[in-house]
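Notes follow the structure.
2 protein chains.
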Amino acid sequence: MDQPDIEHINAYLLALQETICAALTAADGGAVFHEDLWQRDEGGGGRTRVLRQGRVFEQAGVNFSRVYGGALPASATAHRPELAGRSYQAMGVSLVVHPENPYIPTSHANVRFFIAEKPGAEPIWWFGGGFDLTPFYGFHEDAVHWHRTAQALCQPFGDTVYPRYKRWCDDYFFLKHRNEARGIGGLFFDDLSAPNFNEAFAFCRAVSQGYLDAYLPIVERRKSHPWGERERQFQLYRRGRYVEFNLVWDRGTLFGLQSGGRTESVLMSMPPLARWQYHYDPAHDSPEAALYRDFLPARDWLKE
Amino acid sequence: MDQPDIEHINAYLLALQETICAALTAADGGAVFHEDLWQRDEGGGGRTRVLRQGRVFEQAGVNFSRVYGGALPASATAHRPELAGRSYQAMGVSLVVHPENPYIPTSHANVRFFIAEKPGAEPIWWFGGGFDLTPFYGFHEDAVHWHRTAQALCQPFGDTVYPRYKRWCDDYFFLKHRNEARGIGGLFFDDLSAPNFNEAFAFCRAVSQGYLDAYLPIVERRKSHPWGERERQFQLYRRGRYVEFNLVWDRGTLFGLQSGGRTESVLMSMPPLARWQYHYDPAHDSPEAALYRDFLPARDWLKE
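Protein sequences appear in the order of chains A and B.
Counting from 1, one number per residue, gives the positions in the first sequence under UniProt numbering.
Counting from 1, one number per residue, gives the positions in the second sequence under UniProt numbering.
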């Protein structure tokens, strides 16, 4: 038998939300998370936690949700037609951190579990998740540390895991209408049920822990970097790209909005402030141009 | 014969862009439009004009484009399967005005013409367009003036035109994930080829002229209204909804992004600055609450 232990996952995800909020609160050293418990009319609910106007984080949102539905929405069945018409249960933790200092990158992490069932058939279940980093001003050592941490957590699960999920991340967090990556990537996986429940679940736990190991040292290293209006304006401009990705391309956001998710929790990922400027082009050889030239194009950070 | 005169439409749209830019420049009294001519690899191009940081308008973008393509993208054929596989030509003027003073509403207008052809078949052509108003702080007299102007321009084309296109506008500019209108509506029409080319084209011209008649008096009336940080914050928050609508629901934006349109011109509609705030709720009986209560729910402004 290789049946998923749903209540175990549920308990793990709730504890994960605690762990991450505690770690971010400590890293911020100022603000605390505000919590909302909510229920969804169609079934299920969640626990949303948001920290605003901290010393380090302009906003951080860490959301737990567990929802039930009679039929998976289009965003979930488009690439897996065998799921159409099944009832489902989805649970996960999703978080986005928007630091105030433009030298600290924005980060995002997610772990999720789906199970889709119909009478007389075996349930179909899988895990998905990952984490990715969105710097405004790139630092080579941060990018290498981020990807080394990702590589190290994947290693026990096989040599091919990091390269496969690193590439999937590069492909996924990509703004086709800009021909531009959202950031420097990290890990992205979906449809994971191999080799069995225990190992897939263990991999998810490793990803979650790896996120904190990857992100917190970067926050620590950059949080006292002096910045001014120029950096702030570039940060706000680049946050516009974050908005574009999330609303136009992100399957998780579309799933949330299409499945009657709690909009305020789904859109907790939006930056607190963002700007658009027609036809902005960074000056040649500026630190802003370096982001586009040296950091956004997909590359192998472990070969450096 | 009832063939569309494409070059006549083209010349009209270019002149319309001039007229609108001149009117907005005069209303602003400060900044001027910056112009970019651009070409599209797949065929066609456009003339984008943007005014930034004016005395009245924080940003105004007025875009003309004329593009050709081998096959219509999904966003255009989803509701008209007979168009699939036809080559097309699309031209139009689209504009969005983001005033600085939160007491002046944001406005949007568009006229567009499509023709889809294949060998051995009659061309299929149609007009679309309209205008809609997005106030932050509602004024009853402005809403009535806006809709009276819309009604008056529709009247010569038949009694049913205004109610039909007013309702279509309410239905179209609606954020399903918020269960909330984008603004107070106006007119929206699409697939218009009846009763014949000349009359459909005349209606488009009436809509374009009507936009200026509807909007400029409101700008004039509100541009000296005192405002402060509170109003600015609410304006930025509501602009977040504008972003959500345009990126998640707007067919025109999706068409632009999917058809390899010039992204900078398509996303010229984005506000220069916008914010999101988790779980914001306006205070009971505040002017901000009045927007949600009295202005956003669809209503018949001509019965007032």
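Positions of the beta carbon are idealized from the N, C-alpha and C atoms, including for glycine.
Spatially closest choice to residue i from the options, by CA coordinates
i	options	result
LEU83(A)	ALA109(A), ARG66(A), HIS108(A), LYS118(A)	LYS118(A)
PRO135(B)	ASP28(B), VAL97(B), GLY252(B), GLY43(B)	VAL97(B)
ALA27(B)	GLU58(B), ILE115(B), HIS8(B)	GLU58(B)
SER224(A)	GLU42(A), ILE104(A), ARG251(A)	ILE104(A)
GLY120(A)	ARG86(A), ARG182(A), PHE174(A), GLU180(A)	ARG86(A)
THR253(A)	SER75(A), PRO282(A), TRP146(A), GLU180(A)	SER75(A)
ALA60(B)	ALA11(B), TYR88(B), GLY30(B), GLN39(B)	GLY30(B)
LEU236(B)	TYR12(B), GLU288(B), ALA283(B)	GLU288(B)
LEU13(B)	GLY92(B), GLU264(B), LEU51(B), PRO282(B)	GLY92(B)
ARG47(B)	PRO282(B), TYR280(B), GLU264(B), ASP281(B)	GLU264(B)
ASP281(B)	PHE234(B), PHE255(B), GLN53(B), GLY228(B)	PHE234(B)
ASP5(B)	ILE115(B), ALA283(B), ARG52(B)	ILE115(B)
ASP41(B)	GLU141(B), VAL67(B), GLN53(B)	VAL67(B)
ASP250(B)	GLU18(B), ASP171(B), GLU122(B), ILE9(B)	ASP171(B)
ASP191(B)	ARG222(B), GLN53(B), SER65(B), THR77(B)	THR77(B)
PHE255(B)	SER65(B), THR25(B), LEU24(B), GLN39(B)	SER65(B)
LYS303(B)	LEU133(B), GLN53(B), GLU141(B)	GLU141(B)
Expected contact under 8 Å - CB spacing of residue i and residue j to nearest Å
i	j	result
MET268(A)	ASN63(A)	6 Å
PRO99(A)	VAL219(A)	7 Å
ALA143(A)	PHE245(A)	With 8 Å as the limit, ALA143(A) and PHE245(A) do not qualify as a contact, their Cβ atoms being about 19 Å apart.
ARG55(B)	HIS34(B)	No, ARG55(B) and HIS34(B) are not in contact; Cβ-Cβ is about 16 Å, not under 8 Å.
SER259(A)	PRO81(A)	Their Cβ separation, rounded to whole angstroms, is 18 Å, which puts SER259(A) and PRO81(A) out of contact at 8 Å.
LEU153(A)	ALA206(A)	5 Å
SER107(A)	PHE131(A)	7 Å
PHE188(A)	ARG182(A)	So it is not a contact: roughly 11 Å between Cβ atoms.
GLY69(A)	GLY45(A)	So it is not a contact: roughly 13 Å between Cβ atoms.
VAL266(A)	LEU257(A)	6 Å
VAL16(A)	SER286(A)	Sequence check: residue 16(A) is Leu here, not Val. 39 Å between Cβ atoms; not a contact.
PHE113(B)	ILE20(B)	The pair is not a contact, with the Cβ atoms about 17 Å apart (cut-off 8 Å).
Assigned exposure category for residue i - 16 Cβ within 10 Å defines buried
i	result
LEU37(B)	exposed
ASN110(A)	buried
PRO156(A)	exposed
ARG293(A)	exposed
ALA194(B)	exposed
MET1(B)	Since pLDDT at MET1(B) reaches only 49, below the 50 mark, its modelled position is unreliable, and no value is offered.
HIS145(A)	buried
VAL161(A)	buried
ALA22(B)	exposed
GLN3(A)	exposed
HIS147(A)	buried
HIS177(B)	buried
ALA11(B)	exposed
GLY261(B)	buried
PRO272(A)	buried
GLN89(B)	buried
LYS166(A)	buried
ARG230(B)	exposed
ALA150(B)	buried
GLY210(B)	buried
GLU7(A)	exposed
HIS284(B)	exposed
Proximity below 7 Å, CB of residue i to CB of residue j
i	j	result
GLY185(B)	CYS204(B)	no
GLY138(A)	LEU291(A)	yes
Residue i Cβ short of 6 Å to the ligand MG heavy atom set
i	result
ALA27(B)	This structure does not include the ligand MG; it has no bound ligands of any sort.
Partner residues on chain C for residue i, Cβ-Cβ distance less than 7 Å
i	result
LEU267(B)	No chain C is part of this structure, whose protein chains are labelled A and B.
- Query: Between the stretch 293–303 of chain A and the stretch 214–232 of chain B, do three or more beta carbon pairs fall short of 8 Å?
  - Reply: No: fewer than three Cβ pairs fall under 8 Å.
- Below 8 Å, can you find three or more Cβ-Cβ pairs linking the stretch 273–280 of chain B to the stretch 239–249 of chain B? With the cut-off at 8 Å, the stretch 273–280 of chain B and the stretch 239–249 of chain B touch.
- Task: Kindly confirm or deny that the stretch 119–131 of chain A and the stretch 184–200 of chain A touch, where touching means at least three C-beta pairs closer than 8 Å.
- Result: Cβ pair count under 8 Å is three or more, so yes.
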